[in-house]
Structures are given as structure tokens and as C-alpha cells.
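Heads up: the sequence shown runs through residues 3 to 763, numbered per this note's numbering. Quick reminder that beta carbons are idealized off the backbone N, C-alpha and C, glycines included.
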Amino acid sequence: MERRVGRAAAMYVVVAFALLQAADLLLPALGAPYWVFRALVGVAFVGFPIVLALSWYFDLTPQGLRKAGPEDPLGTVGPPRARWMRRGALGLVGASALLLGGLAIFRTLPSTVELDRNRIVVFPIVVPEGGLPTSVGEDIATMIGHALDRAASLRWIDGWAFLDPEQQLNPRTLTLARARSIATAQGSGRFVVGRLVAGVDSVTVLLDLFDVAEELPLQRASARGGLGEPWVPGLRAASQLLPSLLGQVPADFAAHFTERDPAAVAQFLSGEAAFRRARYADALAAYQSAFDLDPDFPEAAIRGAQAASWRHRSQEASFLVEAALLLDLTDRDRAFAEGLQAYLAGDSERALAALDRALLLDPRMAAAHAQRGEVYHHLAPSRRFPDSVATEAFQRAHALDPTAGGVLYHLAQHRLRSDDPDALRGLDVEFRAAAADPELVSEIVLATRCAVHGPGSVDWEEEAHRRPGPLMEVAANLAGGEGRWSCAEAAYRALLAHDTTTTGWEVGRRWSSLKGLMGLLLATGRTDEALALVEAAGSSLEDLRAMADPRPVRDHTPEPGDGTPVQFAELLFLLVEAAGYPTDGRAEVVAAANRDEDGRYRSSNSARLWFMGIWEASRGNGAATRDIARRMEDRLATGPRTARDSLLAQAMSGHAALAEGDSTAALDILRSLRPRGEIQWNESDALGFERLVHARLALALGRPSEAVDVTTWLESTPSIYPLFRPAVLEVRAAAMESLRQNSDARIVRDRRDRLVTASRP
3 MERRVGRAAA MYVVVAFALL QAADLLLPAL GAPYWVFRAL VGVAFVGFPI VLALSWYFDL
63 TPQGLRKAGP EDPLGTVGPP RARWMRRGAL GLVGASALLL GGLAIFRTLP STVELDRNRI
123 VVFPIVVPEG GLPTSVGEDI ATMIGHALDR AASLRWIDGW AFLDPEQQLN PRTLTLARAR
183 SIATAQGSGR FVVGRLVAGV DSVTVLLDLF DVAEELPLQR ASARGGLGEP WVPGLRAASQ
243 LLPSLLGQVP ADFAAHFTER DPAAVAQFLS GEAAFRRARY ADALAAYQSA FDLDPDFPEA
303 AIRGAQAASW RHRSQEASFL VEAALLLDLT DRDRAFAEGL QAYLAGDSER ALAALDRALL
363 LDPRMAAAHA QRGEVYHHLA PSRRFPDSVA TEAFQRAHAL DPTAGGVLYH LAQHRLRSDD
423 PDALRGLDVE FRAAAADPEL VSEIVLATRC AVHGPGSVDW EEEAHRRPGP LMEVAANLAG
483 GEGRWSCAEA AYRALLAHDT TTTGWEVGRR WSSLKGLMGL LLATGRTDEA LALVEAAGSS
543 LEDLRAMADP RPVRDHTPEP GDGTPVQFAE LLFLLVEAAG YPTDGRAEVV AAANRDEDGR
603 YRSSNSARLW FMGIWEASRG NGAATRDIAR RMEDRLATGP RTARDSLLAQ AMSGHAALAE
663 GDSTAALDIL RSLRPRGEIQ WNESDALGFE RLVHARLALA LGRPSEAVDV TTWLESTPSI
723 YPLFRPAVLE VRAAAMESLR QNSDARIVRD RRDRLVTASR P
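The following block contains the structure:
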């Protein structure tokens with residue numbers, strides 16, 4: 003009898019696959035636990051070698067199963083070697099199938115991984131079709147989560163962040179098996195799912211609390227409330243679950259939110275939805291509205307501060323975080339708020355210490371990990387390369403909250419600065435799929451296009467004409483990596499030449515673009531062009547545009563303002579010469595124009611005095627530098643003071659000490675300086691010049707390791723830092739030679755030399 007082993011195997015695979023597909027669809031609908039499906043998979047694997055063996059040894063005949071005759075390939079016919087090879091192959095297939103089947107069955111057993119039963123995943127509440135919007139279910143889950151975070155040792159995990167896009171839009175597609183899998187992956191011992199039943203003028207919220215190791219709910223709860231505030235019955239239902247979670251019900255569990263102005267809560271929830279989708283401008287507006295309506299709403303204040311910080315609106319962020327610290331915060335949130343406050347003040351050590359306290363209380367607080375990344379990204383306190391430490395923090399935050407658009411944005415920024423071509427592959431597609439803020443998406447897509455295909459692939463004039471704000475961010479991102487300087491230069495030129503908006507923001511963009519382009523030109527050896535650019539800016543806006551790009555400005559009618567110079571442009575000559583570039587006497591002309599008859603500088607403005615002070619210090623003029631330092635200190639003592647005034651006065655005292663020959667005092671002061679304020683864009687807040695002086699002084703005093711550490715700080719993102727790059731690389735190379743790291747020093751010097759040849763558009 004002929005045995006059709008291949009046909010039997012193929013038939014088995016087809017039938018088993020079809021049955022498993024049907025089981026995967028039907029079992030969740032029937033409420034069957036997921037281990038039933040896993041068990042079926044295991045049985046299917048185990049059955050495969052059994053069917054193979056039966057098909058080898060038996061024939062299917064009209065009379066039924068008959069044992070194979072001697073012509074069986076596993077019988078006695080044929081050479082012994084061939085028979086043993088066939089038997090070995092069959093045994094290998096069978097053993098493999100048994101191993102896989104056993105593994106599948108083993109995975110159905112209860113997990114032995116220790117899970118945190120105080121960490122609760124709350125998934126969006128299912129809302130019936132045709133009634134309230136789906137977002138209501140998300141709002142209810144959000145309020146339950148915030149309330150859980152205030153309840154003793156409980157910690158909320160936002161289940162929405164781990165759903166796929168279809169489930170985020172329609173939570174009805176979330177199965178219990180998938181919810182259990184997400185909770186387990188996040189180290190959570192329990193999770194909450196629920197649904198909403200809508201009546202004519204009321205809603206009922208039904209909640210189920212599950213343990214990941216159990217198939218049936220630990221507890222069920224329900225509450226009824228008004229149609230206009232569905233999150234209220236959600237909180238009341240959640241309070242019924244607390245005996246199973248804590249053994250008690252905190253007195254203010256629901257009252258903290260239910261007793262607030264409903265309009266404030268509605269604005270807060272709107273902010274949460276926008277923040278969750280990385281629409282930080284919308285989130286900030288909503289949080290501010292909530293806080294305006296209810297100034298005692300701590301969650302609105304602290305979340306608003308986060309949103310403002312992501313938007314680099316430091317004054318609003320500082321106001322909100324200081325307000326939050328006066329309110330009723332949990333210990334974890336208070337530590338986080340103190341860290342955010344210190345970050346906004348430029349105090350990196352205090353910020354990291356506070357954030358570490360927050361993470362000690364909650365090691366999985368994604369916002370705290372993200373803020374640590376912000377500290378390293380902007381303040382660079384690390385003695386290692388700050389980008390690598392920041393990337394580690396952002397990656398940890400992203401693992402804990404995959405929807406955090408700001409974190410994704412910073413990870414994308416770091417990839418854009420990488421010299422590895424593989425780092426850019428698919429970056430724009432990945433970010434577009436993961437981020438929801440169209441402005442952030444447009445920035446990363448544009449930057450990636452230029453980084454991959456070159457400046458010629460972008461219509462820079464069109465971008466500057468239509469989207470100057472995002473283009474400014476693109477320029478700064480691309481300027482962070484020397485390999486992207488040609489793209490950054492093209493972006494800066496387009497902004498200077500073709501940004502014709504009149505919203506008020508164009509003034510700041512013009513000043514930042516002027517400094518950015520000037521720095522790139524100087525760093526790449528085009529000193530004459532850089533000086534001509536600054537001269538054009540000091541002449542008129544029209545001359546500056548022509549210098550940046552000789553093509554006519556699109557759709558722009560000349561206005562009277564086009565003939566006015568860019569304010570303070572001439573002061574840049576002082577910075578240029580202080581940084582070590584020649585200005586052919588231009589800096590001296592500017593300095594002389596700002597002195598009175600007695601030779602003292604007339605200005606009382608700290609920012610203007612800073613330019614003059616660093617120039618005098620670079621010339622070794624101790625008397626003039628000390629006089630400027632005293633003027634700054636007097637202004638602090640007698641007039642209104644800002645954080646920038648204090649920072650610049652402290653920095654100038656260090657410059658004065660060095661110019662007077664007191665290297666020890668100067669080094670102590672320079673070590674104590676911490677960037678603060680508008681670090682990304684402001685030429686003095688970022689302390690780029692001070693860090694260069696610090697590195698040079700440390701090297702001169704025989705501290706080469708310190709010099710190397712300081713120069714790594716100047717590799718971070720502030721837009722003024724490229725101006726100092728050649729000098730920074732020279733100091734680092736010299737310090738490495740002092741440390742007998744000669745091969746590394748040669749690499750650094752080669753990198754410095756390539757600046758002149760490899761970074762032009």
C-alpha cells in the first residue's frame with residue numbers, strides 16, 4: 003500500500019492552521035482565557051509528529067488502518083545507512099515539534115515573574131457606538147489614573163500609551179488577553195478595564211479589576227452620574243475598587259477632582275489628550291485655562307509646566323511649576339516639580355538630585371526619566387559625552403511611555419547629529435508614524451531629507467516663507483552635528499533672506515539665524531564672509547537679506563523697516579574677536595563707540611556689558627573688565643534683577659579675576675557657572691565663551707582631564723556653540739596629548755581640519 007506521508011503532513015498543517023485562526027477569533031469573543039488558545043497551539047505542535055509517525059507506519063485502506071508492509075521505507079528494504087538517515091530525520095522533526103509544543107504549553111502556566119501589585123494599568127473605558135465620543139472613555143481612564151497616583155502607594159500606568167493605533171481609536175477592539183499581556187510587560191500585577199452605559203440623561207460606568215494571574219475579575223464596581231461629567235461616576239466606581247487595591251478607601255480619593263470646577267476639569271482633560279498626542283501648544287493652552295479657572299489645581303499647574311518646558315517657554319514653565327510647588331502635591335510629584343524648577347533655573351546638579359528622588363519613589367516615572375534627558379541634553383552636566391547620557395534617559399522614558407512625542411523628538415535629534423548613515427535610515431517614516439504633532443513631524447521630515455539627500459533636496463525659500471518657526475528648529479538641530487552644517491547653513495540663509503512674517507517672532511529668529519550663520523562661516527574658515535554678513539546686518543535688513551541670498555524675496559513689498567539695521571548686530575564683532583577670530587579693527591571701533599569721555603563703557607544693560615567685558619578680558623585688560631564687573635554688580639544691588647543679570651555678573655567676575663592674573667579664583671568661578679535661561683538661542687545664557695575660557699585655563703593649570711571634560715560640554719545643542727568649535731577641538735587635542743592620548747589627539751585635529759573642507763553647502 004502506498005503511504006502518502008507528505009500529503010498527510012500538508013493536510014494536517016492546513017487544518018491545524020485554520021482551526022487555530024478560528025480559535026484566535028472566537029475564544030476572546032466567548033470570554034475564554036488566553037491560556038486556552040496557547041494550549042491549543044501546544045496540542046497542534048505535539049500532534050504533528052504523531053501524525054507523521056502514524057502515516058509512516060500505517061496505510062489507510064478501504065478496510066481501515068493497516069500496518070505497513072515490508073516495502074515501507076522504514077522497514078527492512080534498502081541499505082541500512084539510508085534507513086537510519088530516514089529514521090533520524092523523522093526523529094529530529096518529531097523532537098523539534100515536541101520541544102516547541104512543550105514550550106507553548108509551558109508558556110500557558112502562571113508566570114513566575116514578580117509583578118508589582120501596586121502598579122495599576124488603566125485602559126480606556128469602552129464607550130458604546132453612536133452615543134458619546136470615544137474620547138470620553140479616555141478621559142474617564144485619565145481621571146481614574148490621576149486619582150490612583152494620589153492614593154498611598156499605588157502607581158498609575160496609562161494603558162492608552164501601549165495600545166496600537168486602532169485600539170487607541172477604538173478601545174472596543176482591546177481583548178482581555180492583550181490587556182493582560184500589556185500589564186505583564188509593564189511589570190504591573192493588576193489592570194482595570196471598563197465600559198460605559200449611556201442613558202437618556204445619565205451614564206453608568208462599569209469597572210473590572212483584574213489580577214494578571216487570574217482569569218476572573220478580582221472585583222467589579224459600578225457608579226451612575228450625570229451625562230455632562232462622566233468622569234465623576236468613573237471616579238466613584240474606582241473608589242469601590244480601593245479595598246481590593248489598598249484595603250481601605252482614602253477619604254479624598256474622588257473629592258480631590260469631583261469638588262473642582264467642572265469647566266477646569268474639562269480643560270485639564272483636554273490638555274491631557276493633547277499632551278498624550280504630543281500637541282504641546284494645545285496642551286499648554288488647555289492647562290493654563292484649567293489653572294486660571296482653578297488656581298488650586300496642582301495637576302494642571304505641573305502638567306502645564308511640563309508642556310511649557312517642551313515648548314521652550316521657560317517663563318511660563320517657571321511660573322506654573324512655582325505655583326504647583328505651593329499646592330498639594332504627592333511626594334513623587336513634588337520631587338519632580340523641584341527637579342523641573344531647578345532645570346529651568348539652569349541648576350543641573352540640583353535638578354538631577356530632585357529627579358533622582360522622584361525616581362526613587364517611582365522608578366518607572368517616564369516624565370522624570372525624560373526630564374533627566376532634558377537636563378543632559380540642554381545643560382550637559384555630565385563628564386561623559388552629554389548626548390550619550392541624554393539618549394539613555396530618553397530611551398528609558400520612551401520604553402515607559404511610547405507616545406511621548408517630545409522624547410521621540412529628542413531621540414530623532416540625536417540620530418540627526420550622528421555620523422552613522424544607518425542612524426538616518428527610515429527616521430522620517432518612523433517619526434511620522436509615532437508622533438502626532440504635525441509641526442514636530444514636519445521638522446524631523448525636513449531635517450532628515452536634507453541630511454540624507456543634501457541641501458539641494460529642499461526648497462528652503464518656500465520653507466522660510468511658509469514655516470519659519472519650524473525651520474528655525476530644523477537649523478538648530480542640523481547645526482548640532484558637523485556633518486549636517488551644510489544643511490544648517492542653508493536653513494539659516496533662507497531664514498535671513500526670506501522670512502518676511504510680521505508676528506513679532508521674526509526679530510528673534512533673525513538674531514538667532516544671524517549668530518548661527520556667522521558661527522558656521524567662521525568655524526569653516528570663511529572669516530571674510532562672516533564679517534561681511536555682520537556688517538550687512540548692521541547696515542540694514544535689506545543688505546542682510548541680499549548678503550544671505552542674492553535672489554529677490556518672494557511676494558514681499560519693500561517696507562520702511564527694511565532700511566533699518568538689525569539691533570545690536572555690531573556687538574557681534576566683540577564676540578567674534580574674543581573667540582579668537584580677526585575682525586580687522588571692527589571690534590575696536592564698536593568698543594570705542596560705546597565708551598564715554600573717561601574711557602568707561604556707558605551702558606548699564608548687562609547683556610551689552612557682557613559683550614564688552616568678554617572682549618576686554620580676551621585682551622587681558624583687567625582694569626576695564628573689573629570695572630564692567632562692578633557695574634554689573636551695582637545694577638544687581640540697586641535695580642531690578644533677573645536670573646540672566648545674576649549669571650552674567652557672576653561670569654564677568656570670573657573674567658575679571660583671570661584678566662587680573664588670579665587664575666585660581668577665576669577657575670573656581672568658572673567651575674561654578676551653570677547655563678540658564680534661553681540656553682538654546684541666547685549667546686550669553688549658554689555660557690559657550692565661558693566654557694571655552696574654562697577649558698583653556700584648566701589646560702594651562704595642568705588639569706588636562708578637566709579640559710577634556712569641559713570641551714565635551716561644548717558638543718551639545720546651543721546654537722552659538724559651533725562658533726567655538728575649532729578652538730574647542732584644538733584645546734581638546736592639546737589636553738589629550740598631555741594625557742599621552744596621542745592617537746586620539748590626532749583624530750581630533752583631523753576633525754578640526756575637516757571643518758574647513760567638509761562642511762560647506
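Through-space distance from residue j to residue i, alpha-carbon basis
i	j	result
ARG597	GLU318	37 Å
HIS412	SER721	16 Å
TRP312	LEU573	31 Å
TRP507	THR719	21 Å
HIS657	ARG643	21 Å
VAL758	ALA532	14 Å
ALA539	ALA370	42 Å
THR114	GLY191	With a pLDDT of 44 at THR114, under the threshold of 50, the modelled position of this residue cannot be trusted, and the question is left open.
VAL578	GLU590	12 Å
ILE127	GLY139	4 Å
ALA303	GLU131	34 Å
ALA661	LEU322	41 Å
ALA492	ASP210	57 Å
ALA702	VAL733	10 Å
LEU354	GLY601	45 Å
ALA292	ASP298	10 Å
GLY510	HIS455	29 Å
GLY408	ARG417	14 Å
SER488	ARG180	47 Å
VAL45	PHE19	12 Å
Cutoff 8 Å; reference residue i; Cβ partners in own chain excluding five residues on either side
i	result
ARG182	TYR36, PHE193, PHE212 and VAL214
HIS148	TRP158, PHE259 and GLU301
LEU208	GLY196, ARG197, LEU198, VAL199, ARG222, ALA223, SER224 and ALA239
Beta-carbon separation (whole angstroms), residue i vs residue j, contact threshold 8 Å
i	j	result
ALA2	ASN479	With the chain running from 3 to 763 in the structure shown, residue 2 is simply not present.
LEU725	GLY521	3 Å
ALA490	GLY518	7 Å
TRP513	VAL568	7 Å
LEU731	HIS696	That belief does not hold up - the Cβ atoms of LEU731 and HIS696 are roughly 16 Å apart, past 8 Å.
GLY482	GLN397	About 18 Å separates the two Cβ atoms, so there is no contact after all.
PRO470	ASP430	That pair is no contact at about 20 Å.
TRP612	MET654	7 Å
ARG486	ARG419	7 Å
LEU669	PRO677	At roughly 18 Å, the Cβ-Cβ gap does not stay under 8 Å, so LEU669 and PRO677 are not in contact.
Beta carbon of residue i nearer than 9 Å to that of residue j
i	j	result
PRO616	LEU576	Checking the sequence shown, residue 616 turns out to be Ile, not Pro. Taking 9 Å as the Cβ cut-off, ILE616 and LEU576 qualify as a contacting pair.
LEU342	GLN308	yes
ALA729	GLY582	yes
PRO173	THR136	yes
LEU176	PHE125	yes
GLU340	LEU328	no
ASP141	LEU271	yes
THR332	ARG152	yes
SER320	ALA283	no
LEU546	LEU535	yes
ARG374	ALA395	yes
ALA285	ALA276	yes
Cutoff 7 Å; reference residue i; Cβ partners in own chain excluding five residues on either side
i	result
ALA747	ALA735, MET738 and GLU739
SER155	ASN120
SER648	LEU638
LEU111	Here the model assigns LEU111 a pLDDT of 43, short of 50, so the residue's position is not dependable, and the following value carries that caveat. Nothing listed; no residue qualifies.
SER665	LEU699 and LEU703
Contacts around residue i, its chain only, beta-carbon distance under 6 Å, and the 5 residues preceding and following it disregarded
i	result
GLY77	Residue confidence for GLY77 is low, a pLDDT of 45 falling below 50, so the modelled location carries little weight and cannot support an answer.
ARG334	ALA360, LEU363 and ASP364
GLU441	PRO472
ARG727	ALA525
GLY133	ALA200
SER608	MET634, ASP647 and LEU650
GLU274	THR144
Contact with chain D by residue i, beta-carbon distance below 9 Å
i	result
ALA239	Checking the listed chains, one finds no chain D in this structure; it contains a single protein chain.
Cβ-heavy atom distance, residue i to the ligand PLP, below 8 Å
i	result
ARG262	The model on display carries no ligand, and the ligand PLP is accordingly not part of it.
Determine contact between the region 357-371 and the region 703-715, defined as no fewer than three beta-carbon pairs at a distance below 8 Å.
no
Cβ pair count under 8 Å reaching 3, the region 228-236 against the region 263-280:
yes
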